[in-house]
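Quick note on numbering: the sequence shown equals residues 473 to 628 in this note's numbering. Accompanying notes for the structure given below.
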Amino acid sequence: MTRWAWLMGWVGVTHVRRHHAHHGTSGGGHLYQGRFKSFPVQDDPHLLTLCRYVEANALRAGLVARAQDWQWGGMFARSQGGRDKPLALCDWPVDRPRDWAALVNRSLGDADIGALRMSVNRGRPFGDVQWIERTARRLGLLFTLRDRGRPRNEKE
473 MTRWAWLMGW VGVTHVRRHH AHHGTSGGGH LYQGRFKSFP VQDDPHLLTL
523 CRYVEANALR AGLVARAQDW QWGGMFARSQ GGRDKPLALC DWPVDRPRDW
573 AALVNRSLGD ADIGALRMSV NRGRPFGDVQ WIERTARRLG LLFTLRDRGR
623 PRNEKE
């Protein structure tokens with residue numbers, strides 16, 4: 473192990489321990505566990521579907537009547553003009569449709585939500601079925617296409 477890797481590990485462990493001690497949450501596991509996800513996305517329309525899903529989280533949870541009313545969300549921040557704020561949002565790699573707020577506030581279909589949740593939870597590519605299979609093979613992600621756990625014994 474390099475000194476740099478050791479140092480980063482030490483800093484991470486020390487930070488988590490101090491956080492848990494300060495907040496009385498010892499035994500709570502990794503501090504950033506499950507917060508950051510990444511997986512390949514096929515193209516712009518699929519990226520926009522993913523962004524709709526993310527921006528509608530508070531709406532789906534019943535925390536607001538409209539997605540743009542969630543004060544910690546991107547839609548709210550963009551509506552406030554936030555380019556000069558300390559945590560300003562960066563530009564997206566694609567343009568949002570003109571009716572973006574209406575799209576986000578309209579629920580996604582069950583199939584889209586299921587596919588997105590599978591991608592989030594498994595790191596599975598998100599796109600059309602053929603693209604997912606090709607991309608998983610090319611990137612060494614075939615395990616994300618199989619069910620979790622040991623394969624069933626054919627004799628059972």
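Glycine included, each C-beta is placed from N, C-alpha and C at the ideal position. Keep in mind that this is a model prediction, so the values were computed, not measured.
Nearest-angstrom Cβ-Cβ length linking A539 and A528, presumed shorter than 8 Å: Counting from 1 along the sequence shown, the entry for residue 539 is found at position 67. Counting from 1 along the sequence shown, the entry for residue 528 is found at position 56. Right, the Cβ-Cβ distance comes to about 5 Å (below 8 Å), so this counts as a contact.
Outcome for M547 when other beta-carbon atoms lying within 10 angstroms are tallied against a minimum of 16: In the sequence shown, counting from the first residue as 1, residue 547 sits at position 75. So M547 counts as buried.
Simplified DSSP state of F508, which is helix, strand or coil: Taking the sequence shown and counting its residues from 1, the one referred to as residue 508 is at position 36. Residue state, collapsed to three classes: coil.
Three-state secondary structure assigned by DSSP to V566: To locate residue 566, count along the sequence shown from 1; it is residue 94. DSSP places V566 in coil when its eight states are reduced to three.
Presumed contact (8 Å Cβ cut-off) between L531 and N577, rounded CB distance: Taking the first residue of the sequence shown as position 1, residue 531 is located at position 59. Taking the first residue of the sequence shown as position 1, residue 577 is located at position 105. Going by Cβ atoms, the distance from L531 to N577 rounds to 7 Å, so yes, they are a contact pair.
Pairwise C-alpha distance: R490 and A583: To locate residue 583, count along the sequence shown from 1; it is residue 111. To locate residue 490, count along the sequence shown from 1; it is residue 18. Answer to the nearest angstrom: the Cα atoms are 42 Å apart.
G612 versus P512, G496 and H492, residue with shortest Cα-Cα distance: Numbered from 1 along the sequence shown, position 140 holds the residue referred to as residue 612. Comparing Cα positions, the closest option is P512.
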